[in-house]
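J.:
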Amino acid sequence: MTELAAFVLLLTFAGAALFANRVAAKQAELVERARLIERIDRILPQTQCRRCTFAGCRPYATAIADGAADINQCPPGGDATAAALAALLGRAPKPVDPRFGTMPSIPMVAWIDEPACIGCTKCIQACPVDAIVGAPRHMHTVIAAECTGCELCIPPCPVDCIVMRPAHELVTETTHPSALLDAVAS
Amino acid sequence: MQTAVRARGGLRLEAHKERSTRDPIATAAPPAHAVLTLDQHAGERAVPIVAVGERVALGQPIARPSTLVSAWLHAPIAGEVVAIEPRPAANHGGAPALSIVIANDGSDARHRERAIEDFTALAPAELRQWIGRAGIVGLGGAGFPTVAKLASAAEREHLALLINGAECEPYISCDEMLMRERADEVVLGARILMHALEARECVIALEDNAPQAQQAMQAALTRAGDERLRLTQVAAIYPAGGERQLIAAVFGKEVPHDGLPRDIGVLCHNVATAAAVARWVARGEPLVSRIVTITGAGVAHARNLDVRIGTPIAQLIEECGGYTPRITRLLMGGTMMGAALATDEAAVIKTTNCIVAASARDLEPRQPEMPCIRCGNCAEVCPAFLLPQQLHLNAQALDLAGLERYGLMDCIECGCCDYVCPSQIPLVERFRQAKPHLAAHLRARAAAQAARQRYESRIARLQRLEAEQRQRLEEKRRLARRKDS
Ligand code: SF4
Ligand code: SF4
Ligand code: SF4
Ligand code: SF4
Ligand code: SF4
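Written out as structure tokens, the structure reads:
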């Protein structure tokens, strides 16, 4: 009888150990995946424009890590980003697939024709990086230095008063919040 | 007096100051036309507040600062605004930039400003604001608006003010002459700046090869009788007057490479900047003139001139007896850090400390560039503790990651590496060209990280709002159910 009890006890221990092992392995895998996503996300340009067909840069990074998306789907990052992703993942580099869209040759930012704005707040809801300020039924405006140029605010505007303009016209070095310190340092 | 020496780097250069220090400072004639470039300082350019045809008095504001990092501009002569148009600009090597042009009516009629008898009666913040109206920028050459620098360190406790009189460029002597002849102005300016910053002490530093300036300053300090100020000497090892180099020598502390002097409790202003502050506060004179060293074997009579801002450089050369046949190049700034001027039509700006009419001996023409032999001379002399040879390799390949790793942004463009390179590689020129690329890259990266953070906090906010909404709905349903039963 005691033998049987000992045997059962042994089995239980072995099972528990095996289970613990599996949990640990699973956890390590999860940590590894999170790390990979983070590293991919750091390479992506953070424009958050959804051209890659995902809901932003981080979701796209997650899809790449899970093997659900290719590395050549980010037009704002261009071939340089695709190459950096290829290097990170140890794959052959390839150019960005033009089916995911193209980018203007110079950086652009959104600009609201303020007198035309009716204050519907639709653009605020669309902006992925909180670069638009305004209140219901009041004029809205884009904080040019914080706009990534994703263009997501353009289609929702009912009066078509948002246009993309060259970034250098609207963002100068000293309108950027970090500029004061930059300038003191030099 | 003790002489502070810094641990490493730099060069002992042959001084050429005696050429321009034989005569006292002379006052240059006011120009017939003054040309005032709107972007003659670091930061954003000034915006004109006068129109063509308007009459202006000497010292009247003619352009206002466009942002916090910008400066007022004042009329250096009385007369009529005759044009606002692109003119050759000294800060662009002689290329045109938008400028206000004033024709002199010869009257020197003054625009009256208030003179403050007792600056200690003003609150520090009020005094800082008042100093901002004078259009003063860093006169040592960097041209950073003084009011913005003051603002950056305001309300720091236990701040030490460092007044930089270490004029290390071998040909420049305008600060030395200023200290010799107008030491009281420098000391008064330092005391005003101390009050504006609520600084606890002030160190005035100069090089150990300027005994007359040192005596004059010592005498002025004794007259002022303010014990919070003291004089110190640093070894004349170029670039002793570099802000970070001077702070390290005087206070024995290094400014962190990604930080500012204020992070270690120091704020540094040039002696001429201090004197300009004194003239504004005590006499109501805004920055409309400065001392300029005219030197080099390419000019007949080297000397220091007190010059109205906006005076064409050609006129200053005339006042010094004209060019000699030995002239080969014209520089603004010193022979180590200065920049070539394509034309002497360009006018003096606030940061013009020196004009070198250089002969082939002053500035040896460069021999053809040879490959780097990895001798390491450049690394030995670099006062910023960089490896110029590695920077050079990475600059050639425009490898931004490499340039960042080897600290390109910490290069102060002193030219020491260039000077000792046996292969005649124009290192500084390469570094100057590469810097904007790296700066743009770093800015873009910082912007991307900021966008990422805003994106993530927005997602978190939306999720929270959704959860709250769901909870409210649930609550409502529960209440409704209870009522039913
Ligand atoms: S396509 Fe747009 S959203 Fe997608 S990864 Fe690139 S920048 Fe980010
Ligand atoms: S303002 Fe428009 S273009 Fe700019 S980031 Fe927001 S949604 Fe994109
Ligand atoms: S969507 Fe257009 S109209 Fe509506 S708030 Fe934005 S800019 Fe104004
Ligand atoms: S001094 Fe010139 S040759 Fe020598 S290591 Fe430096 S760059 Fe190369
Ligand atoms: S120019 Fe730059 S790299 Fe060369 S010695 Fe000076 S600080 Fe060092």
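Sequence lines, in order, name chains R and X.
First residue of the first sequence? That's 762 in our numbering, and the numbers climb one at a time after it.
First residue of the second sequence? That's 1077 in our numbering, and the numbers climb one at a time after it.
Where is the CB? At the ideal position from N, CA and C, for every residue including glycine.
Please read all numbers here as calculations on a predicted model, not as lab measurements.
Are the C-beta of ASP891 (chain R) and some C-beta of chain X separated by less than 8 Å?
T.: Answer yes: the Cβ-Cβ gap between ASP891 (chain R) and chain X drops below 8 Å somewhere.
J.: At a cut-off of 7 Å, is PRO806 (chain R) close to ligand 1 when judged by its beta-carbon and the heavy atoms of the ligand?
T.: Yes, the Cβ of PRO806 (chain R) comes within 7 Å of a heavy atom of ligand 1.
J.: Starting from GLU1094 (chain X), trace the alpha helix (DSSP H) both ways and give me its first and last residue.
T.: First-last of the alpha helix (DSSP H) with GLU1094 (chain X): 1094-1097.
J.: Less than 8 Å between the beta carbons of VAL1432 (chain X) and THR1371 (chain X), yes or no?
T.: Taking 8 Å as the Cβ cut-off, VAL1432 (chain X) and THR1371 (chain X) qualify as a contacting pair.
J.: Of the residues X:SER1183, X:ARG1481 and X:ALA1358, which one's Cα is nearest the Cα of ALA1154 (chain X)?
T.: The shortest Cα separation from ALA1154 (chain X) among X:SER1183, X:ARG1481 and X:ALA1358 belongs to X:SER1183.
J.: What separation, rounded to the nearest whole angstrom, lies between the Cα atoms of LEU1174 (chain X) and SER1146 (chain X)?
T.: Cα to Cα, LEU1174 (chain X) sits roughly 15 Å from SER1146 (chain X).
J.: In chain order, what residues of the same chain have a beta carbon less than 6 Å from the beta carbon of ASN1429 (chain X), not counting five sequence neighbours either side?
T.: Cβ neighbours of ASN1429 (chain X) beyond the five flanking positions: GLY1217, ILE1248 and CYS1250.
J.: If we cut at 8 Å on Cβ distances, does SER939 (chain R) have a partner in chain X?
T.: Unreliable positioning characterises SER939 (chain R) in this predicted model, as indicated by a pLDDT of 41, which lies under 50. A coordinate reading is not provided.
J.: Let me know the secondary structure DSSP gives GLU1156 (chain X) once reduced to three states.
T.: In this structure, GLU1156 (chain X) counts as strand in the three-state DSSP scheme.
J.: Measure the C-alpha to C-alpha separation of THR1298 (chain X) and LEU1343 (chain X) and round it to an integer number of angstroms.
T.: Cα to Cα, the separation comes out at about 23 Å.
J.: Ordered along the chain, which non-local residues of its own chain (more than five positions away) have a Cβ less than 6 Å from that of ALA944 (chain R)?
T.: Because the pLDDT at ALA944 (chain R) is just 38, under 50, the model does not fix this residue reliably, and the value given afterwards should be weighed accordingly. There are no such residues.
J.: Bridge partners for PRO1137 (chain X) per DSSP, in chain order?
T.: Answer is X:HIS1150.
J.: Could you tell me whether any non-hydrogen atom of ligand 1 is closer than 7 Å to the CB of GLN809 (chain R)?
T.: Yes, ligand 1 has a heavy atom inside 7 Å of this Cβ.
J.: Relative to the alpha-carbon of GLY1208 (chain X), which residue among X:ARG1338, X:SER1533, X:PRO1162 and X:THR1349 has its alpha-carbon at the smallest distance?
T.: Of the listed residues, the one whose Cα sits closest to GLY1208 (chain X) is X:THR1349.
J.: With hydrogens ignored, establish whether the beta-carbon of ILE1280 (chain X) is closer than 7 Å to any heavy atom of ligand 4.
T.: For ligand 4, not one heavy atom lies less than 7 Å from the Cβ of ILE1280 (chain X).
J.: For my contact list, ALA1316 (chain X) and ALA1242 (chain X) are in at a C-beta cut-off of 8 Å; report their separation, rounded to the angstrom.
T.: ALA1316 (chain X) to ALA1242 (chain X), Cβ: 5 Å. Contact.
J.: Please name the residue, chosen from X:TYR1495, X:GLU1544, X:ALA1477 and X:GLN1500, that lies closest to ALA1516 (chain X) on a Cα-to-Cα basis.
T.: Selected option, being the one with the closest Cα: X:ALA1477.
J.: Work out the CA separation of ARG1163 (chain X) and THR1113 (chain X) for me, nearest whole Å.
T.: Going by the C-alpha atoms only, they are around 8 Å apart.
J.: Just mark PHE774 (chain R) as buried or exposed, buried being the case when its beta carbon has 16 or more other beta carbons within 10 Å.
T.: It is exposed - the Cβ of PHE774 (chain R) has fewer than 16 other Cβ atoms within 10 Å.
J.: MET1270 (chain X) lies in the alpha helix (DSSP H); which residues open and close that run?
T.: Its alpha helix (DSSP H) spans residues 1259-1273.
J.: Around ligand 5, which residues pass a check of Cβ closer than 7 Å to any of its heavy atoms?
T.: Cβ-based neighbours of ligand 5 within the cut-off: X:CYS1454, X:VAL1457, X:CYS1458, X:PRO1459, X:ALA1460, X:LEU1462, X:PRO1464, X:LEU1467, X:CYS1487, X:ILE1488, X:GLU1489, X:CYS1490, X:GLY1491, X:CYS1492, X:CYS1493, X:ASP1494, X:LEU1503, X:VAL1504 and X:PHE1507.
J.: With respect to the beta strand (DSSP E) encompassing THR1369 (chain X), which residues constitute its N-terminal and C-terminal limits?
T.: 1365-1371 is the extent of the beta strand (DSSP E) around THR1369 (chain X).
J.: Distance cutoff 8 Å, beta carbons only. Does ALA946 (chain R) sit that close to anything in chain X?
T.: Only weak support exists for where ALA946 (chain R) lies, its pLDDT of 36 falling under 50; the coordinates are left without a value.
J.: Terminal residues of the continuous beta strand (DSSP E) containing MET1408 (chain X)?
T.: Run containing MET1408 (chain X): 1405-1408, per the beta strand (DSSP E) assignment.
J.: Quick check on TYR821 (chain R): does DSSP put it in helix, strand or coil?
T.: In the structure shown, TYR821 (chain R) sits in a helix (DSSP, three-state: H, G or I).
J.: Against ALA1527 (chain X), what residues of chain R qualify as contacts under a CB-to-CB distance less than 7 Å, listed in chain order?
T.: Under the 7 Å cutoff, chain R gives GLN807, GLN809, VAL890 and THR909.
J.: Tell me, please, whether the CB atom of ALA1122 (chain X) is closer than 8 Å to any CB atom in chain R?
T.: So, not an interface residue.
J.: Does any C-beta atom of chain R lie closer than 8 Å to the C-beta of ALA1477 (chain X)?
T.: Not an interface residue.
J.: Using a C-beta cutoff of 8 Å, does GLY817 (chain R) count as contacting chain X?
T.: Taking Cβ atoms only, chain X reaches closer than 8 Å to GLY817 (chain R), which makes this a yes.
J.: Can you give the beta carbon distance from GLU912 (chain R) to CYS810 (chain R), rounded, assuming they're within the 8 Å contact cut?
T.: The Cβ separation is near 6 Å, so the contact holds.
J.: Identify, in the order they occur along the chain, each residue of the same chain with its Cβ nearer than 7 Å to the Cβ of ALA824 (chain R), setting aside the five sequence neighbours on each side.
T.: Counting only Cβ-Cβ distances below 7 Å, and skipping sequence neighbours, we find PHE815 and ALA830.
J.: Heavy atom of ligand 2 less than 7 Å from the Cβ of GLY1214 (chain X), yes or no?
T.: GLY1214 (chain X): no, Cβ never under 7 Å from ligand 2.
J.: Using a C-beta to C-beta distance shorter than 7 Å, which residues of chain R count as neighbours of ALA1524 (chain X)?
T.: In chain order: PRO806 and GLN807.
J.: I believe GLN1288 (chain X) touches ARG1256 (chain X) by the beta-carbon criterion, under 8 Å. Please report the beta-carbon distance rounded to the nearest angstrom.
T.: That pair is a contact at about 5 Å.
J.: Which residue from X:LEU1238, X:LEU1541, X:GLY1219 and X:GLN1500 puts its Cα closest to that of GLN1443 (chain X)?
T.: Checked all of X:LEU1238, X:LEU1541, X:GLY1219 and X:GLN1500; the closest Cα to GLN1443 (chain X) is X:GLN1500.
J.: Mind checking who GLU1277 (chain X) pairs with in its DSSP beta bridge?
T.: The partner list for GLU1277 (chain X) (beta bridge, DSSP) reads X:ALA1236.
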